[in-house]
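Be aware that the sequence shown starts at 0, since it is given in numbering that gives the first Met the number 0, and climbs by one per residue.
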Amino acid sequence: MSLILALRCELDRVCHQIDQLIEQQHSNQNDIEHVMKRFAEEKAAWRRREQEKIHDAIKNVAKELEVEKKLRRQTERFNKKIATEMANVKASHLKMSKELEREKRAKEIMEQICDELAKGIGEDRAQVQELKRESAKVREELEREREMLQLADVLREERIQMKLSEAKYQFEEKNAVLEKAKNELEGYMRTKEEENGKRVEGIENYLNEINGRFQIAEKENDLNAGDDSDDGSDLHSIELKLDDDSSCNKSSFAHENVVQHDSKRVSTEKEESTGRKSLSEIIQWGSICFNKGTTSCGKRDFGINFNEISDHFDRERSTKFLSRAQIQDDDDKDEP
Numbered sequence: 000m001s002l003i004l005a006l007r008c009e010l011d012r013v014c015h016q017i018d019q020l021i022e023q024q025h026s027n028q029n030d031i032e033h034v035m036k037r038f039a040e041e042k043a044a045w046r047r048r049e050q051e052k053i054h055d056a057i058k059n060v061a062k063e064l065e066v067e068k069k070l071r072r073q074t075e076r077f078n079k080k081i082a083t084e085m086a087n088v089k090a091s092h093l094k095m096s097k098e099l100e101r102e103k104r105a106k107e108i109m110e111q112i113c114d115e116l117a118k119g120i121g122e123d124r125a126q127v128q129e130l131k132r133e134s135a136k137v138r139e140e141l142e143r144e145r146e147m148l149q150l151a152d153v154l155r156e157e158r159i160q161m162k163l164s165e166a167k168y169q170f171e172e173k174n175a176v177l178e179k180a181k182n183e184l185e186g187y188m189r190t191k192e193e194e195n196g197k198r199v200e201g202i203e204n205y206l207n208e209i210n211g212r213f214q215i216a217e218k219e220n221d222l223n224a225g226d227d228s229d230d231g232s233d234l235h236s237i238e239l240k241l242d243d244d245s246s247c248n249k250s251s252f253a254h255e256n257v258v259q260h261d262s263k264r265v266s267t268e269k270e271e272s273t274g275r276k277s278l279s280e281i282i283q284w285g286s287i288c289f290n291k292g293t294t295s296c297g298k299r300d301f302g303i304n305f306n307e308i309s310d311h312f313d314r315e316r317s318t319k320f321l322s323r324a325q326i327q328d329d330d331d332k333d334e335p
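So this is what it looks like as structure tokens:
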């Protein structure tokens, strides 16, 4: 019995460990899902930041382009003005030959203005080239950052896959150990159940055999019921005589058994009238106790049933049966 309790405790402990492992697995899955969600959120935030940076850069470039457009428009206006002035100068040169000196001076002035404008145009071109170079550098840096981010994503995915494979391998090892322990426990429990089943079958066969004998004896008692009623006075006289003999000699165990046997036969008739259970019911109830396999029934009612049986039958059979039952009970106690 103690071994069965220990096995139950061990089985409960194993079940508890299995539940803990399942809970750990669920918690690990929840952690992984949380990490993946957070990674997705960070990735989305990073994309938003990069898009904002790109939009800002595009806006800056657009502003610079607008400034350049304004400068170009101004230069175009100046060019138009210069063209008109040149046309006016030519017209005045044709018309006014006398004013050559003034025209020469005007030409010199115009040449100076043109030189300044040419210098301004050269500077604008240099600025445009510098802006182009800067935009090319920015593009190269963006491409490098994209490559680095792609490599980082690949490395993160590889790390996650490695961690998942390691967790899966550990979980499979633990499951294998648990399955092995479960199979060992099931094998041990099957062997114990087979041994107990064989013993219970032997006891049931023995009880069924005795039950058949008891039923035959009851039939004989029913047939001899009339003779017992006629011999009531004789039994009473024999009982008085045996009481006198027992007071003289207390060691006469055989006479005392005869008196007890006859007195029990008389008492059985009274018990039948009051509705007490018969001998076959006692044996059947004992077999039911063995079929159920309850320890309380096997320990308490076992002795009561056989004491009642020993009251109805002779001392040799009852003591023999009780000795066998006691040996069986001692073997059951020694096994745990």
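Ideal placement from N, C-alpha and C gives every residue a C-beta, glycine not left out.
List the whole-angstrom C-beta distance separating V127 from A56, where the pair is believed to meet the contact cut-off of C-beta under 8 Å. The residue labelled residue 127 in the question sits at position 128 within the sequence shown. The residue labelled residue 56 in the question sits at position 57 within the sequence shown. Actually they are not in contact, since the Cβ atoms of V127 and A56 sit about 17 Å apart, beyond 8 Å.
Quick check on E194: does DSSP put it in helix, strand or coil? Taking the first residue of the sequence shown as position 1, residue 194 is located at position 195. The answer is helix: DSSP assigns E194 an H, G or I state.
Please tell me whether I17 and L177 are closer than 8 Å, where the distance is taken between their beta carbons. If you number the sequence shown from 1, residue 17 lands on position 18. If you number the sequence shown from 1, residue 177 lands on position 178. The beta carbons of I17 and L177 sit closer together than 8 Å.
Nearest-angstrom Cα separation, counted from E194 out to K218: To locate residue 218, count along the sequence shown from 1; it is residue 219. To locate residue 194, count along the sequence shown from 1; it is residue 195. Each residue's alpha carbon lies about 37 Å from the other.
Would you identify the three-state DSSP class for E203, choosing helix, strand or coil? On the sequence shown, position 204 is the one that residue 203 refers to. Under the three-state reduction of DSSP output, E203 falls in the helix class.
Would a C-beta distance cut-off of 8 Å place S356 and V60 closer than the cut-off? The requested residue 356 is not part of the displayed model; the chain covers only 0 to 335.
When you compare each of R145, R212, L93, R72 to W45 by their alpha carbons, which one comes out closest? Position 46 of the sequence shown holds residue 45. Checking every option, the nearest Cα to that of W45 belongs to R145.
Going straight from the alpha carbon of S1 to that of N174, what length do you get? The residue you call residue 1 lines up with position 2 of the sequence shown. The residue you call residue 174 lines up with position 175 of the sequence shown. Computed Cα separation, rounded: 28 Å.
CB-CB length for I120 against T74, believed under 8 Å: By 1-based counting over the sequence shown, the position of residue 120 is 121. By 1-based counting over the sequence shown, the position of residue 74 is 75. The pair is a contact, with the Cβ atoms about 7 Å apart (cut-off 8 Å).
Of the residues I3, M35, H25, which one's Cα is nearest the Cα of Q160? If you number the sequence shown from 1, residue 160 lands on position 161. Closest by alpha carbon: M35.
Going straight from the alpha carbon of R104 to that of I53, what length do you get? Position 105 of the sequence shown, counted from the start, is the residue given in the question as residue 104. Position 54 of the sequence shown, counted from the start, is the residue given in the question as residue 53. R104 and I53: Cα-Cα distance of roughly 53 Å.
DSSP-derived helix/strand/coil call for S26: Here residue 26 corresponds to residue number 27 of the sequence shown, with the count starting at 1. If DSSP states are grouped into helix, strand and coil, S26 belongs with the helices.
Using a threshold of 8 Å, state whether the C-beta atoms of F123 and L70 are closer than that. Position 124 of the sequence shown, counted from the start, is the residue given in the question as residue 123. Position 71 of the sequence shown, counted from the start, is the residue given in the question as residue 70. Checking the sequence, you will find Asp at residue 123 rather than Phe. Taking 8 Å as the Cβ cut-off, D123 and L70 qualify as a contacting pair.
As a quick exercise: from N204, H15, Q24, pick the residue whose alpha carbon is nearest that of Y168. Here the question's residue 168 lines up with position 169 in the sequence shown. Nearest of N204, H15, Q24 to Y168, Cα basis: Q24.
Looking at E100: is its Cβ nearer than 8 Å to the Cβ of S91? In the sequence shown, residue 100 corresponds to position 101, counting from 1. In the sequence shown, residue 91 corresponds to position 92, counting from 1. In this structure, S91 does not lie closer than 8 Å to E100 by Cβ.
Under 8 Å by Cβ, that's how I've got L184 and L10 pegged, so tell me the actual separation to the nearest angstrom. Within the sequence shown, the letter at position 185 stands for residue 184. Within the sequence shown, the letter at position 11 stands for residue 10. Right, their Cβ atoms sit about 6 Å apart.
Let's test the definition: count the other Cβ atoms within 10 Å of the Cβ of F213 and tell me whether it reaches 16, buried, or not, exposed. The residue labelled residue 213 in the question sits at position 214 within the sequence shown. A residue is called buried once 16 or more other Cβ atoms fall within 10 Å of its Cβ, and F213 is buried on that count.
Reducing DSSP to helix, strand and coil, say where M109 ends up. What you label residue 109 is simply residue 110 of the sequence shown in a count that begins at 1. Taken through DSSP and simplified to helix, strand or coil, M109 comes out as helix.
Rounded to the nearest angstrom, how far is the Cβ of L6 from that of M188, given a contact under 8 Å? The sequence position of residue 6 within the sequence shown is 7, counting from 1. The sequence position of residue 188 within the sequence shown is 189, counting from 1. Cβ atoms of L6 and M188 come within 8 Å of each other, at about 7 Å.
Can you say whether L206 is buried or exposed, counting buried as having 16 or more other CB atoms within 10 angstroms of its CB? Numbered from 1 along the sequence shown, position 207 holds the residue referred to as residue 206. Burial check for L206: the Cβ neighbour count within 10 Å reaches 16 or more, so the residue is buried.
Mapping the DSSP letters down to three states, classify E51 as helix, strand or coil. The count along the sequence shown starts at 1 and reaches residue 51 at position 52. Three-state DSSP puts E51 in a helix.
When you compare the CB positions of V88 and E67, do they come within less than 8 Å of one another, or not? Sequence index remark: in the sequence shown, residue 88 carries index 89 (1-based). Sequence index remark: in the sequence shown, residue 67 carries index 68 (1-based). In this structure, E67 does not lie closer than 8 Å to V88 by Cβ.
Just mark I202 as buried or exposed, buried being the case when its beta carbon has 16 or more other beta carbons within 10 Å. Taking the sequence shown and counting its residues from 1, one reaches residue 202 at position 203. With 16 or more other Cβ atoms within 10 Å, it is buried.
Roughly how many angstroms separate the alpha carbons of I215 and N204, rounded to a whole number? To locate residue 215, count along the sequence shown from 1; it is residue 216. To locate residue 204, count along the sequence shown from 1; it is residue 205. Those two C-alpha atoms are separated by around 17 Å.
Three-state class that DSSP yields for E98 in the structure shown: Taking the first residue of the sequence shown as position 1, residue 98 is located at position 99. In this structure, E98 counts as coil in the three-state DSSP scheme.
Excluding sequence positions up to five away, which residues of its chain have a Cβ less than 6 Å from the Cβ of L154? Your numbering for residue 154 matches position 155 in the sequence shown. No residues qualify anywhere along the chain.
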